[in-house]
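Shown next, in structure tokens, is the structure this report addresses.
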Amino acid sequence: MSMGTLKRIGAYVLALALAATFTPTMALATPEQAKNHNAPLVAQEATDAQAYGDLLWQIDDTGKLKIWPVNGESGTLSISGNAPWQAQAASITSVELADGIYAGSLGGMFRGCSSLVTVDLSNLDTTDASNMSSMFSACSSLLMVDLSSFDTSNLNPEEAIAAMMKTLEKDPT
Numbered sequence: 126m127s128m129g130t131l132k133r134i135g136a137y138v139l140a141l142a143l144a145a146t147f148t149p150t151m152a153l154a155t156p157e158q159a160k161n162h163n164a165p166l167v168a169q170e171a172t173d174a175q176a177y178g179d180l181l182w183q184i185d186d187t188g189k190l191k192i193w194p195v196n197g198e199s200g201t202l203s204i205s206g207n208a209p210w211q212a213q214a215a216s217i218t219s220v221e222l223a224d225g226i227y228a229g230s231l232g233g234m235f236r237g238c239s240s241l242v243t244v245d246l247s248n249l250d251t252t253d254a255s256n257m258s259s260m261f262s263a264c265s266s267l268l269m270v271d272l273s274s275f276d277t278s279n280l281n282p283e284e285a286i287a288a289m290m291k292t293l294e295k296d297p298t
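Numbering (this note's numbering), first residue to last: 126 to 298.
So this is what it looks like as structure tokens:
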């Protein structure tokens, strides 16, 4: 091979390496950006946010679990089995939900979040919620929960009472 060919190959490899270095893995809207449609997207590593249906979630360095719609408009939160953040449950200290999230099943949503202190669910639309059992099971550090906008009319009264009683238990189910 000629020296000119080797230089061209080297330049090509270098260009590819530089392009890969400066290309973000994925651009995702943060909860703040999802509220403001004119805000520019900020490149984040794909490991920062995890997809769960039509929602994204992440746990930041302070232990705050943030959940927001992928499209910035709306999404449905329906926990079937374990919550997707179950493996990191013990590190969650607070919860922030963006506007536009609709509840399906919330059973066991925060089960085992032993470091969870505050939860603001006032943005969560629970009109069509079908299950709220064991939502806060084993949340031994919980001090404040904002359920001010909860609509439990879709649950029968016995289920709603049982769900709230189960919420107060300290041991995992």
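Note that CB positions come from ideal geometry on N, CA and C, so glycine has one too.
| query | result |
| --- | --- |
| The region 251 to 261 in contact with the region 225 to 240 per 3-pair CB rule at 8 Å | yes |
| Three-state secondary structure assigned by DSSP to residue 212 | helix |
| Where residue 257 sits in the DSSP three-state scheme | coil |
| Sub-7 Å separation of residue 96 and residue 265 beta-carbons | Given that the chain is displayed from residue 126 to residue 298, the structure contains no residue 96 and the question cannot be resolved. |
| Contact under 7 Å by Cβ, residue 180 with residue 206 | no |
| Exposure label - residue 219; buried when at least 16 CB within 10 Å | buried |
| CA-to-CA distance, residue 198 to residue 278, given in whole angstroms | 25 Å |
| Helix, strand or coil at residue 225 according to DSSP, with G and I counted as helix | coil |
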